[in-house]
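Chains as they are written, first to last, in this note's numbering: chain H, 140 to 383; chain W, 140 to 383. Backbone N, C-alpha and C define an ideal beta-carbon position, used for all residues, glycine too.
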């Protein structure tokens, strides 16, 4: 419980960026365990895998968020990523094939945009804590998943806002930034996260089934195997299961 | 001309945040004079004074921008400001009455959100220069108009992006940050800016006429008087002209 006995609501309120995926669901459960009143925030950025927004709503409800808002921002107008533009999402046969270069699924400055919106929501609420499920292990190719970016953002946030300059600084919490997918899954299971409510696939079928071969599916599947936890994900039965 | 003789397009391309107001129009003219190929970007953030978006399109065309995009982001879902929520915009009789506290027209983290979107657009374009018309003189009550915020954002941008981490850093240009409104107007007139195309009013009438009594109108009017330049603004003929 953060600052137990303190009546300042802003010390107990947090904004949680919730994507509908496995990582951010775990982060929400962690923030709840620490006693935060959690305001879940999802971003509708024109992603092709929009089913994640309804997953986010289900996760927020299941894990006891105070509320859940969806903010629309049209990153399609920016272009340049397979997640928002009409570019094929790459598929691979195994995690080993993914490679370490920045992938085409990278959305320019996405986490910066998301954190900025979360900060705006937090300042409007009077909340001083932001939680985000960034991960520097699986997403080592994404510059905006690294701890040095998070620290720089926090410093910027405290110069950008009324609360920051008035001596009520924001803290950006990234509790899973250095955890492997298996560690994240084990932590979430111990906190009662129902991963069957979450989705990770970048390229799901029309019925919502995961493709099993995009980077996100491969990392997720391997995580469940390594964690020794039964994978609740519903995978499609198309040829994609065998790689394409 | 930036790096004349250099064939690297990214050294000659810039993203300009264009609001439709006087300040950002001047900044676009300045960037054009310096030889940048200017990609204008406006943000449709649910502002009540939406006429500024069509003004931005006119300004972009008149000043020779390469293109002009509008990105939608629903800051109304965040709440907390007179510019996006159903809160009365304050009116004053003179500039002296405006006061120095952070005003209700402050939109939480707005410039951080705008710069993040401009950065995303720049990275997608391969541009390395961002221009923004923030001003620390007239808007001293807004934390996100101060030079220390801009420098912190620049550092964050270069940690958040592929270009930044790959040694092609971004530069955030804020050429009018320390200028008075009169100085901005004189600079713009010398560069051929038609301020009749711009709008500043936070609370325009249905026909687009400026209210003449919101903070933005008062600062603009006084700027033209001090610059000794004829004010092309069309003000309404309601009682607001006499303060309310």
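Which of helix, strand or coil DSSP assigns to residue i
i              : result
residue 270(W) : strand
residue 177(W) : strand
residue 295(W) : helix
residue 152(H) : strand
residue 208(W) : strand
residue 300(W) : coil
residue 353(H) : strand
residue 346(H) : coil
residue 334(W) : helix
residue 162(H) : helix
residue 289(W) : helix
residue 183(W) : strand
residue 323(W) : helix
residue 168(W) : helix
Alpha carbon of residue i to alpha carbon of residue j, nearest angstrom
i              : j              : result
residue 144(H) : residue 173(H) : Bear in mind that the predicted position of residue 144(H) carries a pLDDT of just 39, short of 50, making it unreliable; the figure below should be weighed with that in mind. Straight-line Cα distance between these residues: approximately 14 Å.
residue 337(H) : residue 211(W) : 27 Å
residue 164(H) : residue 256(W) : 26 Å
residue 142(H) : residue 310(H) : Residue confidence for residue 142(H) is low, a pLDDT of 43 falling below 50, so the modelled location carries little weight; the figure read from the coordinates is stated next. Roughly 14 Å separates the two Cα atoms.
residue 151(H) : residue 304(W) : 35 Å
residue 264(H) : residue 207(W) : 33 Å
residue 359(H) : residue 327(H) : 13 Å
residue 363(H) : residue 280(W) : 51 Å
residue 292(H) : residue 160(H) : 23 Å
residue 341(W) : residue 183(W) : 14 Å
residue 276(H) : residue 319(H) : 6 Å
residue 354(W) : residue 294(H) : 30 Å
residue 115(W) : residue 272(W) : Because chain W in this structure spans residues 140 to 383, residue 115(W) falls outside the shown range and cannot be described.
residue 372(H) : residue 266(W) : 40 Å
residue 202(W) : residue 175(W) : 12 Å
residue 209(H) : residue 194(H) : 12 Å
residue 317(H) : residue 329(H) : 18 Å
residue 168(W) : residue 230(H) : 46 Å
residue 268(H) : residue 268(W) : 32 Å
Member of the options whose CA lies at the smallest distance from the CA of residue i
i              : options                        : result
residue 170(W) : 185(W), 193(W), 199(W)         : 199(W)
residue 197(W) : 158(W), 217(W), 215(W)         : 158(W)
residue 396(H) : 270(H), 250(H), 314(H)         : Residue 396(H) lies beyond the residue range present for chain H, which begins at 140 and ends at 383; the question has no answer from this structure.
residue 339(H) : 348(H), 184(H), 317(H)         : 348(H)
residue 315(W) : 213(W), 354(W), 274(W)         : 274(W)
residue 345(W) : 359(W), 370(W), 374(W)         : 374(W)
residue 302(H) : 267(W), 283(W), 308(W), 319(W) : 283(W)
residue 287(H) : 352(H), 313(H), 268(H), 351(H) : 313(H)
residue 369(W) : 354(W), 357(W), 334(W), 350(W) : 334(W)
residue 385(H) : 332(H), 250(H), 294(H)         : Nothing in the structure corresponds to residue 385(H), since chain H is present only between 140 and 383.
residue 251(H) : 262(H), 268(H), 289(H), 217(H) : 289(H)
residue 343(H) : 189(H), 168(H), 162(H), 246(H) : 189(H)
residue 308(H) : 202(H), 247(H), 262(H)         : 262(H)
residue 285(H) : 195(W), 299(W), 351(W)         : 299(W)
residue 351(W) : 195(W), 317(W), 232(W)         : 232(W)
residue 156(H) : 248(H), 217(H), 254(H)         : 254(H)
residue 217(W) : 329(W), 357(W), 168(W), 249(W) : 249(W)
Contacting residues, own chain, Cβ-Cβ under 6 Å from residue i (five flanking each side not counted)
i              : result
residue 325(W) : 366
residue 258(H) : 296
residue 204(W) : 177, 179
residue 185(W) : 213, 214, 215, 223
residue 260(W) : 154, 180
residue 321(H) : 362, 365, 366
residue 382(W) : Bear in mind that the predicted position of residue 382(W) carries a pLDDT of just 37, short of 50, making it unreliable; the figure below should be weighed with that in mind. So the qualifying residues of the chain are 232, 352.
Per-residue contacts from residue i into chain C (C-beta, under 8 Å)
i              : result
residue 212(H) : Protein chains H and W are contained in the structure displayed, whereas chain C is not.
Cβ-heavy atom distance, residue i to the ligand PLP, below 6 Å
i              : result
residue 345(H) : This structure lacks the ligand PLP, and indeed carries no ligand of any kind.
Beta-carbon contacts of residue i that lie in its chain and below 7 Å, excluding the five residues immediately before and after
i              : result
residue 191(H) : 158, 159, 160, 338
residue 356(W) : 339, 340, 349, 350
Nonlocal neighbours in the same chain, by C-beta distance under 8 Å from residue i, ignoring five residues either side
i              : result
residue 323(W) : 161, 162, 165, 274, 315, 362
Residues of the stretch 329-359 of chain H whose Cβ lies closer than 7 Å to any Cβ of chain W, in chain order: none
Under 7 Å (Cβ pairs) to chain W, residues found in the stretch 255-281 of chain H: 255, 256, 258, 259, 260, 262, 263
Under 8 Å (Cβ pairs) to chain W, residues found in the stretch 288-316 of chain H: 288, 291, 292, 294, 295, 296, 298, 299, 300, 301, 303, 304
Members of the stretch 181-209 of chain W near chain H, C-beta cut-off 8 Å: 208, 209
Where the stretch 153-175 of chain W meets chain H: residues whose CB sits under 7 Å from a CB there: none
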